[in-house]
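Note that the protein sequences, when read in sequence, are chains A and B.
Quick note: the first sequence uses our numbering, first residue 27, plus one each step.
Quick note: the second sequence uses our numbering, first residue 8, plus one each step.
Just so it is clear, CB atoms sit at the ideal spot from N, CA and C, and this is done for glycine as well.
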Amino acid sequence: MTAGASDWSDRRLESVVGSILRWGVSAAALVVALGGMTYLSRHGGEPFSTGLFRGEPEEFRTVPGILRSALSWRGRGIIQLGLLMLIATPVARVAFAAAGFALEGDRLYVAVALLVLTLLVYSIAGHAGV
Amino acid sequence: MTVLAFSALVFSASVAAGFLGSLTGLGGGVVIVPLLTLALKIDIHYAIGASLVSVIATSSGAAAAYVREGFTNLRIGMFLEIATTIGAIAGAGLAARVSTSAIAVVFGATLLLAAWLNLRPRAEHLEPAHTDRIAGWLRMDGRYPAAGPEGPARGYGVRNVPGGFALMGLAGVLSGLLGIGSGALKVLAMDQVMRLPFKVSTTTSNFMIGVTAAASAGVYLGRGYIDPGITMPVMLGVLAGALLGAKALVRAPVRVLRWVFSALIVALAVEMIRNGMRGTV
Numbered sequence: 027m028t029a030g031a032s033d034w035s036d037r038r039l040e041s042v043v044g045s046i047l048r049w050g051v052s053a054a055a056l057v058v059a060l061g062g063m064t065y066l067s068r069h070g071g072e073p074f075s076t077g078l079f080r081g082e083p084e085e086f087r088t089v090p091g092i093l094r095s096a097l098s099w100r101g102r103g104i105i106q107l108g109l110l111m112l113i114a115t116p117v118a119r120v121a122f123a124a125a126g127f128a129l130e131g132d133r134l135y136v137a138v139a140l141l142v143l144t145l146l147v148y149s150i151a152g153h154a155g156v
Numbered sequence: 008m009t010v011l012a013f014s015a016l017v018f019s020a021s022v023a024a025g026f027l028g029s030l031t032g033l034g035g036g037v038v039i040v041p042l043l044t045l046a047l048k049i050d051i052h053y054a055i056g057a058s059l060v061s062v063i064a065t066s067s068g069a070a071a072a073y074v075r076e077g078f079t080n081l082r083i084g085m086f087l088e089i090a091t092t093i094g095a096i097a098g099a100g101l102a103a104r105v106s107t108s109a110i111a112v113v114f115g116a117t118l119l120l121a122a123w124l125n126l127r128p129r130a131e132h133l134e135p136a137h138t139d140r141i142a143g144w145l146r147m148d149g150r151y152p153a154a155g156p157e158g159p160a161r162g163y164g165v166r167n168v169p170g171g172f173a174l175m176g177l178a179g180v181l182s183g184l185l186g187i188g189s190g191a192l193k194v195l196a197m198d199q200v201m202r203l204p205f206k207v208s209t210t211t212s213n214f215m216i217g218v219t220a221a222a223s224a225g226v227y228l229g230r231g232y233i234d235p236g237i238t239m240p241v242m243l244g245v246l247a248g249a250l251l252g253a254k255a256l257v258r259a260p261v262r263v264l265r266w267v268f269s270a271l272i273v274a275l276a277v278e279m280i281r282n283g284m285r286g287t288v
């Protein structure tokens, strides 16, 4: 820790990061619940097949597929959209931390945050991008 | 069983798992995966995908509170997330290549380790560590409200960054392979290896769990391991249970619950290993 000014901006950064996490999780949970109600009201009476593992179809597996499915108001598509928002919450947190460190003039930790952000984007966009 | 009955059953079990997981600090994922695979015969890949998502929800919710109270060390968390995200991506890649039986056996062994780490008596370090050269260069030392939010902040030092970094990589691999937060291992890396105060270790670990789980959740989603019908009741249930647990924490007999939960985890771990060895997972 250096001077008081840096302490103050660290506290502000902590407060912003805390808000992102809280709002991200709340919004995601609401969307998942909405999708869940839609899904259960349409398919609640059908038999559930735990069956064999076959992997999800494209519409529940990729970002464009999930968006299309949610926009056509399919219950499971809306659930996946909420889950996608939840996965994006920590990513947004890292992006804001990078911006916060940049405002503090802390180049070392801007680089650290950008590296973590790159790894996250590689993982999500690289596997569920198209 | 109808879809509605299945959802209600999984939701109730997830509320219980999230409640106990938040009271004891072990997280809900460690119970949900064995429950879905052993009791409901769901494929372990789907169970792990659902657990990973619930881990993001609970850790982000709790981290929001801790960060504001000033316990979390953002710099240490961010730096060590390099190790946990690389580990998590590798672990998620591994999950597609090894057999489900092998995953079940590793899961059981990891549960036993987590239960043991959680029950070990913990003592706060009496002397703050002297910050070594690498930790000093990374400006990792910090201060935290040792005597409550109103009290004066106490400074602490940090040491052995390479050791902590390596252990964090392993925690990431286990998180991506098994769909758990690996909180126990993360705390071990910071508390024992890097000599951080215990409260800073646990809150910073919680802060890192969401990013670690998000790194492998991307891989799971793209592979089609995240099923909306299974994940929806798990995520909502674990989150609701965790919120209830956080409210009850002040009044609950935490010591008793920790023993009860640990006994349950040991039983589940043994079942996972037995089923994995017989090839019935």
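Cross-chain neighbours of residue i in chain B, by beta carbon under 8 Å
| i | result |
| --- | --- |
| E72 (chain A) | T9 and V10 |
| V98 (chain A) | First, the residue type needs correcting, since residue 98 (chain A) is Ser and not Val in the sequence shown. Result: empty, since nearest Cβ-Cβ is about 15 Å, beyond 8 Å. |
| L66 (chain A) | V10, L11 and S14 |
| L145 (chain A) | I89, T92, I93, I96 and A222 |
| G62 (chain A) | S14, M239, P240 and L243 |
Contacts of residue i in chain A (Cβ-Cβ under 7 Å)
| i | result |
| --- | --- |
| D234 (chain B) | E82 |
| M85 (chain B) | A123, Y135, V138, A139 and V142 |
| S67 (chain B) | L47, G50, V51, T115 and P116 |
Contact set between residue i and chain B, taken where Cβ atoms lie within less than 9 Å
| i | result |
| --- | --- |
| T88 (chain A) | L228 and G229 |
Backbone secondary structure at residue i - three-state DSSP
| i | result |
| --- | --- |
| G149 (chain B) | strand |
| R258 (chain B) | coil |
| R202 (chain B) | coil |
| P73 (chain A) | strand |
| T28 (chain A) | For T28 (chain A), the pLDDT reaches just 43, beneath the cut-off of 50, and the residue's location in the model is therefore unreliable, although a value from the coordinates is still provided. T28 (chain A) falls in the coil class under three-state DSSP. |
| G176 (chain B) | helix |
| R127 (chain B) | coil |
| T9 (chain B) | strand |
| R100 (chain A) | coil |
| Y65 (chain A) | helix |
| Y232 (chain B) | coil |
| R161 (chain B) | strand |
| D50 (chain B) | coil |
| A136 (chain B) | coil |
| A15 (chain B) | helix |
| A154 (chain B) | coil |
| G81 (chain A) | coil |
| I55 (chain B) | helix |
| V273 (chain B) | helix |
| N282 (chain B) | helix |
| S45 (chain A) | helix |
Outcome for residue i when other beta-carbon atoms lying within 10 angstroms are tallied against a minimum of 16
| i | result |
| --- | --- |
| G314 (chain B) | Beyond the ends of chain B as shown, which are 8 and 288, falls residue 314 (chain B); an answer cannot be given. |
| G252 (chain B) | buried |
| S58 (chain B) | buried |
| S189 (chain B) | buried |
| V263 (chain B) | exposed |
| S67 (chain A) | exposed |
| V38 (chain B) | buried |
| V138 (chain A) | buried |
Proximal chain B residues relative to residue i, where beta-carbon distance stays under 7 Å
| i | result |
| --- | --- |
| V57 (chain A) | In chain order: nothing, as chain B lies at least about 11 Å away. |
| A154 (chain A) | G225, L228 and G229 |
| G44 (chain A) | A71, V74 and R75 |
| R94 (chain A) | Simply none; closest approach about 14 Å. |
Residue i versus residue j - alpha carbon distance
| i | j | result |
| --- | --- | --- |
| V113 (chain B) | L45 (chain B) | 15 Å |
| T115 (chain A) | R140 (chain B) | 34 Å |
| R146 (chain B) | R166 (chain B) | 11 Å |
| S108 (chain B) | S212 (chain B) | 29 Å |
| P41 (chain B) | A276 (chain B) | 8 Å |
| I110 (chain B) | G62 (chain A) | 29 Å |
| I280 (chain B) | L185 (chain B) | 14 Å |
| G283 (chain B) | D36 (chain A) | 47 Å |
| A31 (chain A) | I55 (chain B) | Any reading at A31 (chain A) must be qualified, since the residue scores a pLDDT of 44, below 50, and its modelled position is unreliable; the value itself is stated next. Going by the C-alpha atoms only, they are around 44 Å apart. |
| P156 (chain B) | E76 (chain B) | 7 Å |
| V288 (chain B) | L47 (chain B) | 11 Å |
| R150 (chain B) | R80 (chain A) | 50 Å |
| L120 (chain B) | A23 (chain B) | 22 Å |
| T9 (chain B) | L16 (chain B) | 11 Å |
| A270 (chain B) | L256 (chain B) | 20 Å |
| A173 (chain B) | G70 (chain A) | 47 Å |
| P159 (chain B) | P135 (chain B) | 16 Å |
Per-residue contacts from residue i into chain A (C-beta, under 9 Å)
| i | result |
| --- | --- |
| I110 (chain B) | Under the 9 Å cutoff, chain A gives no residues; its nearest Cβ is about 12 Å from I110 (chain B). |
| T238 (chain B) | V58, I105, Q106 and L109 |
Neighbour list for residue i in chain A, Cβ cutoff strictly below 8 Å
| i | result |
| --- | --- |
| E157 (chain B) | Those do not exist, as E157 (chain B) stays about 15 Å from chain A at its closest Cβ, beyond 8 Å. |
| M242 (chain B) | A55, V58, L109 and L112 |
| L81 (chain B) | D36, L39, E40, V43 and A123 |
Any chain C beta carbon closer than 9 Å to residue i
| i | result |
| --- | --- |
| S41 (chain A) | Absent from the structure: chain C. Protein chains present are A and B. |
Task: Touch test, the region 180–199 of chain B against the region 211–222 of chain B, Cβ-Cβ under 8 Å, three pairs minimum - done: They touch, by the three-pair rule.
Open item on the list: Three Cβ pairs or more, each shorter than 8 Å: is that satisfied between the region 116–132 of chain A and the region 91–98 of chain A?
Closed with: Short answer: they don't touch.
Open item on the list: Taking contact to mean 3 or more Cβ pairs, one atom from each stretch, closer than 8 Å, check whether the region 142–155 of chain A and the region 42–53 of chain A are in contact.
Closed with: Counting C-beta pairs with one atom in each stretch, the region 142–155 of chain A and the region 42–53 of chain A have fewer than three that are closer than 8 Å, which means they do not touch.
Open item on the list: Using 8 Å as the cut-off, can you tell me whether the region 60–78 of chain B makes contact with the region 235–247 of chain B, which would need three or more C-beta pairs spanning the two stretches below that distance?
Closed with: yes
Open item on the list: Within 8 Å, do at least three Cβ pairs link the region 197–206 of chain B to the region 77–85 of chain B?
Closed with: yes
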